[in-house]
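Undergrad: Residue numbers (my numbering): 360 to 725. Note that beta-carbon positions come from the ideal geometry of N, C-alpha and C, so glycine has one too.
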Amino acid sequence: MGVAGVRQEGGESVAIKAAITALWHGGIWLLLAASTGAIAAGQDGDTSVWALSMDNDLFGPDQDDRDFTAGMALTYTGHRGRRFWGPLDDGLGWLDRTGPLASYLPEEARNVPSIELGIYGFTPDLITTSRVVLNDRPYASLLYLAAGRIYWDPRSGDAWTSSLTLGLLGLDLFEAGQRQTHRILSNFRAEGWDNQVSDGGEPTFRYHLGYHDLHGRNQGRGRWKTTYYLSLGYLTEAGMALSYRNGLISSPDHRFNPELTAYGERLNESSLGVASGDESYLWAGVALKARAYNVFLEGQFRDSRHTIDRSRVRSTLMEAWVGYTLSVARDWRLSYVLRAQSSEVEGGKADRVMLWGGLVFSHTLR
Numbered sequence: 360m361g362v363a364g365v366r367q368e369g370g371e372s373v374a375i376k377a378a379i380t381a382l383w384h385g386g387i388w389l390l391l392a393a394s395t396g397a398i399a400a401g402q403d404g405d406t407s408v409w410a411l412s413m414d415n416d417l418f419g420p421d422q423d424d425r426d427f428t429a430g431m432a433l434t435y436t437g438h439r440g441r442r443f444w445g446p447l448d449d450g451l452g453w454l455d456r457t458g459p460l461a462s463y464l465p466e467e468a469r470n471v472p473s474i475e476l477g478i479y480g481f482t483p484d485l486i487t488t489s490r491v492v493l494n495d496r497p498y499a500s501l502l503y504l505a506a507g508r509i510y511w512d513p514r515s516g517d518a519w520t521s522s523l524t525l526g527l528l529g530l531d532l533f534e535a536g537q538r539q540t541h542r543i544l545s546n547f548r549a550e551g552w553d554n555q556v557s558d559g560g561e562p563t564f565r566y567h568l569g570y571h572d573l574h575g576r577n578q579g580r581g582r583w584k585t586t587y588y589l590s591l592g593y594l595t596e597a598g599m600a601l602s603y604r605n606g607l608i609s610s611p612d613h614r615f616n617p618e619l620t621a622y623g624e625r626l627n628e629s630s631l632g633v634a635s636g637d638e639s640y641l642w643a644g645v646a647l648k649a650r651a652y653n654v655f656l657e658g659q660f661r662d663s664r665h666t667i668d669r670s671r672v673r674s675t676l677m678e679a680w681v682g683y684t685l686s687v688a689r690d691w692r693l694s695y696v697l698r699a700q701s702s703e704v705e706g707g708k709a710d711r712v713m714l715w716g717g718l719v720f721s722h723t724l725r
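1. Considering GLY682, what are the terminal residues of the beta strand (DSSP E) in which it resides?
2. Can you check the stretch 515–574 for any beta strand (DSSP E) of at least 3 residues that lies completely inside it and give the ranges in chain order?
3. Could you check what DSSP says for HIS349 in three-state terms: helix, strand or coil?
4. Where does TYR603 fall in DSSP's three states?
5. Can you look up THR434 in the DSSP assignment and give me helix, strand or coil?
6. Starting from the Cα of PHE660, find the closest Cα among GLU475, PRO562, TRP583 and GLY606 and give me that residue.
7. Would DSSP call TRP583 helix, strand or coil?
8. Give every residue of the same chain whose Cβ lies closer than 6 angstroms to the Cβ of GLY326, excluding the five residues on either side of it in the sequence, and list them in chain order.
9. What would DSSP say about ARG725, mapped onto helix, strand or coil?
10. Where do the ends of the beta strand (DSSP E) carrying ALA508 lie?
11. Which one of ILE543, ARG542, GLY516 and GLU550 has the shortest CA to CA distance from ASP531?
12. Leaving out five residues before and five after SER347 in sequence, what residues of the same chain have Cβ atoms less than 6 angstroms from its Cβ?
13. Taking the beta carbon of ALA705 as the centre, do at least 16 other beta carbons fall within 10 Å, making it buried, or is it exposed?
14. Which of the three DSSP states, helix, strand or coil, is assigned to TRP444?
15. Going by DSSP, which residues form a beta bridge with ASP414?
16. Report the residue from LEU485, SER557, GLY452 and TYR593 whose alpha carbon sits nearest the alpha carbon of PRO472.
17. Keeping to the same chain, check which residues put their C-beta closer than 7 angstroms to that of LEU647; ignore five residues upstream and five downstream.
18. Residues in its own chain within less than 7 angstroms of ASN653 by CB, not counting five upstream and five downstream?
19. Starting from ASN653, follow its DSSP beta bridges and name the residues at the other end.
20. Given this structure, state the Cα-to-Cα distance separating PHE601 from ARG625, to the nearest angstrom.
21. Rounded C-beta distance between ILE478 and GLY430? I'm assuming under 8 angstroms.
22. Given SER686, which residues of its chain have a CB within under 6 angstroms of its CB, disregarding the five upstream and five downstream residues?
23. DSSP puts PRO472 in a beta bridge; with which residues?
24. Rounded to the nearest angstrom, what separates LEU485 and LEU433 at their Cα positions?
25. In whole angstroms, give me the CA-to-CA distance for PHE615 and ALA688.
26. Quick check: what's the CA-CA separation for ASN605 versus ASP448?
27. Under DSSP, the beta strand (DSSP E) around TYR695 begins and ends at which residues?
28. Return the Cβ separation of GLY569 and THR520 in integer angstroms, given the expectation that the two are a contact with Cβ distance under 8 angstroms.
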């Protein structure tokens with residue numbers, strides 16, 4: 360029996376639904392408490408940001424309900440609410456300072472902490488059958504809580520980012536949300552969630568570290584950045600990315616990190632940077648990844664009814680994105696991004712390009 364428990368005939372276990380709901384609401388409370396604490400503790404002059412992000416393939420031009428199908432996350436960035444997630448941030452700091460790259464990190468006093476609670480999921484193309492769709496990708500979902508840091512070196516202008524994510528695979532929470540969405544937008548539902556990776560629940564984790572070369576100090580309306588990053592855990596990969604933005608920019612360049620988005624995870628995303636004034640700019644980028652492991656295709660330790668054999672999972676991926684950020688009111692911003700990623704699977708129906716869009720609403724707390 361896993362974390363999510365056993366499905367009962369005609370519906371989920373009441374106890375399991377209560378446990379999942381408590382976990383979700385507890386995470387939301389933590390974020391709200393952090394933002395409330397930030398407002399109440401403004402004497403240190405720190406500025407914080409909270410954001411709500413939503414990703415969905417319906418936000419893209421094809422509007423296909425498949426592959427990375429949807430995600431939602433709540434994020435808080437700033438020092439003043441850190442006491443609400445101190446143990447997780449302390450664990451991340453320990454990893455940063457004891458790892459092989461510790462000597463390259465700037466002084467810890469320059470770090471900016473973040474926390475994010477989110478959920479996202481994947482489906483095959485055919486979702487109206489309860490049978491395993493063997494020639495397509497498996498169902499998969501992740502509920503996660505992540506702590507992140509940005510280390511900025513004011514002398515060079517360059518930065519490091521890190522994050523530690525703790526998650527649960529195979530819960531019924533994403534299925535329930537998708538079912539409600541389909542009741543509103545369509546007359547069918549996804550029937551194959553009993554076949555998802557680690558169905559019933561399994562814990563997982565990921566540690567990420569990235570270096571951002573800001574090419575000296577970008578000046579003017581156009582800003583370039585090169586990023587090199589490493590991820591260990593449920594996504595194990597290394598990559599490099601080139602990103603660019605142009606327009607009316609008032610947020611710091613070291614917080615412009617769209618290349619760090621992993622499906623629905625946006626912990627250090629571009630839209631979370633503190634802006635000192637109005638903004639209106641376009642942004643775009645490309646990334647090359649060498650991926651060694653993907654839990655959403657290959658599964659983890661728990662038995663799953665359907666996974667993709669490692670020999671069919673592509674080890675080299677390309678990703679590209681284009682977005683726009685706009686100040687819609689004082690201290691409020693709206694961003695839209697369209698992302699495309701090369702096929703993750705070689706052969707079969709799952710061998711296709713992934714395309715989805717995302718919206719981010721963010722608010723600065725001064």
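TA: If we stick to the structure as given:
1. Here residue 682 refers to the residue found at position 323 when the sequence shown is read from its first residue. For GLY682, the enclosing beta strand (DSSP E) covers residues 675–688.
2. Runs of the beta strand (DSSP E) inside the stretch 515–574: 518–528 and 561–572.
3. Look at the range of the chain in this structure, 360 to 725, and you will see that residue 349 is not part of it.
4. On the sequence shown, residue 603 is found 244 positions in, with the first residue counted as 1. Strand, per DSSP.
5. Taking the first residue of the sequence shown as position 1, residue 434 is located at position 75. Strand at THR434.
6. For the purposes of this step, residue 660 is taken as the residue at position 301 of the sequence shown. Minimum Cα distance to PHE660 is reached at PRO562.
7. The residue given as residue 583 occupies position 224 in the sequence shown. Look at TRP583 here: in three-state DSSP terms it is strand.
8. Summary: the structure shown does not reach residue 326, with the chain confined to residues 360 through 725, and so no result is reported for it.
9. Against the sequence shown, residue 725 aligns to sequence position 366. ARG725 falls in the coil class under three-state DSSP.
10. As a first step, residue 508 must be located in the sequence shown, where it is residue number 149. Before going on, a small fix: residue 508 reads as Arg here, not Ala. Where ARG508 is concerned, the enclosing beta strand (DSSP E) starts and stops at 499–511.
11. One-based indexing of the sequence shown puts residue 531 at position 172. Comparing Cα-Cα distances from ASP531 to each of ILE543, ARG542, GLY516 and GLU550, the minimum goes to GLU550.
12. Since the displayed the chain opens at 360 and closes at 725, residue 347 lies outside it and no answer follows.
13. Looking up residue 705 in the sequence shown gives position 346. For the sequence presented, residue 705 should be read as Glu rather than Ala. Its Cβ having fewer than 16 others within 10 Å, GLU705 is exposed.
14. Position 85 of the sequence shown, counting from 1, holds the residue named residue 444. Taken through DSSP and simplified to helix, strand or coil, TRP444 comes out as coil.
15. As a working note, residue 414 is residue 55 in the sequence shown. DSSP links ASP414 through a beta bridge to GLY430 and GLY717.
16. The residue given as residue 472 occupies position 113 in the sequence shown. It is GLY452 whose Cα lies nearest to the Cα of PRO472.
17. Taking the sequence shown and counting its residues from 1, one reaches residue 647 at position 288. Answer for LEU647: GLY598, MET599 and MET677, listed in chain order.
18. For the purposes of this step, residue 653 is taken as the residue at position 294 of the sequence shown. Sequence-distant Cβ neighbours of ASN653 in its own chain, meaning closer than 7 angstroms and more than five residues away, are LEU594, VAL672 and GLU703.
19. Residue 653 sits at position 294 when you count from the first residue of the sequence shown. Partner(s): LEU594.
20. Translated into positions along the sequence shown, residue 601 becomes position 242. Translated into positions along the sequence shown, residue 625 becomes position 266. For clarity, residue 601 is Leu in the given sequence; the question names Phe instead. Cα-Cα distance, rounded: 17 angstroms.
21. Translated into positions along the sequence shown, residue 478 becomes position 119. Translated into positions along the sequence shown, residue 430 becomes position 71. ILE478 to GLY430, Cβ: 7 angstroms. Contact.
22. For the purposes of this step, residue 686 is identified with residue 327 of the sequence shown, where counting begins at 1. The beta carbon of SER686 sits closer than 6 angstroms to those of ASP637, GLU638 and ARG692, all from its chain and outside the five residues before and after it, given in chain order.
23. Taking the sequence shown and counting its residues from 1, one reaches residue 472 at position 113. BP columns for PRO472 point to ARG508.
24. Residue 485 sits at position 126 when you count from the first residue of the sequence shown. Residue 433 sits at position 74 when you count from the first residue of the sequence shown. Each residue's alpha carbon lies about 30 angstroms from the other.
25. Residue numbering aside, residue 615 sits at position 256 when the sequence shown is read from its first letter. Residue numbering aside, residue 688 sits at position 329 when the sequence shown is read from its first letter. If I take the Cα positions, the gap works out to 20 angstroms.
26. Walking along the sequence shown from the start, residue 605 turns up at place 246. Walking along the sequence shown from the start, residue 448 turns up at place 89. Answer to the nearest angstrom: the Cα atoms are 33 angstroms apart.
27. Taking the first residue of the sequence shown as position 1, residue 695 is located at position 336. Where TYR695 is concerned, the enclosing beta strand (DSSP E) stretches over 691–700.
28. Translated into positions along the sequence shown, residue 569 becomes position 210. Translated into positions along the sequence shown, residue 520 becomes position 161. Yes, they are in contact, since the Cβ atoms of GLY569 and THR520 sit about 5 angstroms apart, within 8 angstroms.
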